[in-house]
Amino acid sequence: MMLSSYTNLATKMLGEILDKHPELTKPVELTLPKSGMGMTPKVYMSTVLFTTLIVYFSSLIGFWFVNMFFLNLDILMAVLILIFLPSLLSIGVFLTGIFYPYQKAMSRRRDININLPFALAHMGSIATSGIPPTAIFKLLAEFKEYGVLAEEMKKIVRNIEVFGLDPITAMREVAKRTPSEKFKQLLSGLASTIEGGGDLKTYLKNAGEQSLFMWRMKRQKYIQQLSTYAEFYTGLLIAAPLFIISLFSVMYMIQPQVGGFDILRLMKLSTYLVIPILNLGFLLFLQVTQVEM
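Numbers in my numbering are just positions in the sequence shown, counted from 1, shifted up by 470.
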């Protein structure tokens, strides 16, 4: 309710500006429909710009207040901070608002692609009973385990039951806005099969078998990659640090300093900074290289 009131206020304040300058909504026109946020580009960009202005003036007033009563910086430093700090914060908020729909769409795409092979197998088994496509979508929409894919199924059912569209048009409308290219191809294939009078059961069976086969191949390949990564991690981030720390310990007993550097300080730096950073980098690497399964 509060979010709705906030977006309404933002649209009321800045909507006319966006009507006069439609190019301001172009950065989110393609990604916003796929993000599932349920906002038009005009409403979303109004909210982003309104939030950016609030952050700018709030940070401007906030820093002025803090400097006057607590920091008491000299005039030149205070002016420089007043110029750059609010600008940097507001630019950060604006860029975050621009890229958030893209991140949201990518998250939805991943969720759909992960569940699609199992949903396809489910659809194929349901289709063997001879029930119509609308009933298949309705059944899968009830399975919350399918996550975003179930939401996409609900949209198809809504298009048919609420908006009165035929199943082919309903599927194609959802295919236009889904972030998953795989799901888009599935819906287009289903629509073409139904429209051409093809065998829906055979199509879903073949699509399900192919999708599960590809899932098994990806899974097997990723497990092999993880085995390689585990050997790399063991050698570089477990054995090597232990060897280096042991070497530092022996060197410290012989001579506390080497080349002007305190060995004890180097040990602490390696233990509390370098090794954690390397482990964090390895975790980020695993996250980036993780396949959709």
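We put the beta carbon where it would ideally sit given N, CA and C, even for glycine.
Suppose contacts are defined by Cβ-Cβ distances below 9 Å. Is residue i in contact with residue j by that definition?
{"i": "K625", "j": "P571", "result": "no"}
{"i": "M684", "j": "P587", "result": "yes"}
{"i": "N749", "j": "L717", "result": "no"}
{"i": "G594", "j": "A677", "result": "yes"}
{"i": "V627", "j": "F613", "result": "no"}
{"i": "V525", "j": "A480", "result": "no"}
{"i": "M576", "j": "P649", "result": "yes"}
{"i": "L519", "j": "L494", "result": "yes"}
{"i": "I724", "j": "S740", "result": "no"}
Shorter than 9 Å from the beta carbon of residue i to some beta carbon of chain D?
{"i": "K614", "result": "Judged by its chain identifiers, the structure shown contains no chain D, having just a single protein chain."}
Would you mind giving the Cβ-Cβ distance between residue i and residue j, rounded to the nearest angstrom? I have them listed as a contact below 8 Å.
{"i": "L734", "j": "P746", "result": "In fact, because the Cβ distance is near 18 Å, the residues do not count as touching under 8 Å."}
{"i": "I582", "j": "E622", "result": "7 Å"}
{"i": "Y692", "j": "F752", "result": "About 16 Å; that fails the 8 Å criterion."}
{"i": "G638", "j": "E665", "result": "Sequence check: residue 638 is Ile here, not Gly. That belief holds up - the Cβ atoms of I638 and E665 are roughly 6 Å apart, short of 8 Å."}
{"i": "T521", "j": "G567", "result": "7 Å"}
{"i": "M509", "j": "L502", "result": "7 Å"}
{"i": "R642", "j": "A661", "result": "6 Å"}
Distance check for residue j and residue i, CA to CA, integer angstroms please.
{"i": "V728", "j": "S697", "result": "38 Å"}
{"i": "D544", "j": "P497", "result": "41 Å"}
{"i": "L473", "j": "G634", "result": "30 Å"}
{"i": "P602", "j": "M515", "result": "41 Å"}
{"i": "L425", "j": "S560", "result": "It is not possible to answer for residue 425, since the shown part of the chain is limited to 471 through 763."}
{"i": "D489", "j": "Y673", "result": "46 Å"}
{"i": "L609", "j": "A597", "result": "11 Å"}
{"i": "N537", "j": "L552", "result": "10 Å"}
{"i": "A640", "j": "A620", "result": "15 Å"}
{"i": "A605", "j": "A611", "result": "10 Å"}
{"i": "F527", "j": "V758", "result": "37 Å"}
{"i": "L712", "j": "L558", "result": "42 Å"}
{"i": "S719", "j": "A710", "result": "14 Å"}
{"i": "D636", "j": "L565", "result": "40 Å"}
{"i": "G412", "j": "R578", "result": "This structure cannot settle anything about residue 412, because the visible part of the chain is limited to 471 through 763."}
{"i": "Q655", "j": "G600", "result": "23 Å"}
{"i": "Y476", "j": "L756", "result": "38 Å"}
{"i": "K482", "j": "V563", "result": "20 Å"}
{"i": "A700", "j": "P492", "result": "51 Å"}
{"i": "G667", "j": "E651", "result": "24 Å"}
{"i": "V744", "j": "V632", "result": "58 Å"}
{"i": "D669", "j": "K675", "result": "10 Å"}
{"i": "Y742", "j": "Q760", "result": "28 Å"}
{"i": "K688", "j": "R580", "result": "14 Å"}
{"i": "M737", "j": "L754", "result": "25 Å"}
{"i": "H592", "j": "N478", "result": "41 Å"}
{"i": "F554", "j": "S529", "result": "11 Å"}
{"i": "E679", "j": "Q573", "result": "30 Å"}
{"i": "Q694", "j": "Y722", "result": "41 Å"}
{"i": "R686", "j": "G617", "result": "21 Å"}
{"i": "W534", "j": "N542", "result": "10 Å"}
{"i": "F569", "j": "I487", "result": "21 Å"}
Say yes only if the C-beta of residue i is nearer than 8 Å to one or more non-hydrogen atoms of the ligand GTP, and no if none qualify.
{"i": "Q690", "result": "Among the ligands in the structure shown, none appear at all, so the ligand GTP cannot be discussed."}
Quick one: is residue i buried, meaning 16 or more other Cβ sit within 10 Å of its Cβ, or exposed?
{"i": "S681", "result": "buried"}
{"i": "P511", "result": "buried"}
{"i": "F540", "result": "exposed"}
{"i": "L657", "result": "buried"}
{"i": "I531", "result": "exposed"}
{"i": "G506", "result": "buried"}
{"i": "T517", "result": "buried"}
{"i": "N585", "result": "buried"}
{"i": "F731", "result": "exposed"}
{"i": "F653", "result": "buried"}
{"i": "L590", "result": "buried"}
Quickly, what does DSSP pair residue i with across the bridge? List them, please.
{"i": "F731", "result": "V728"}
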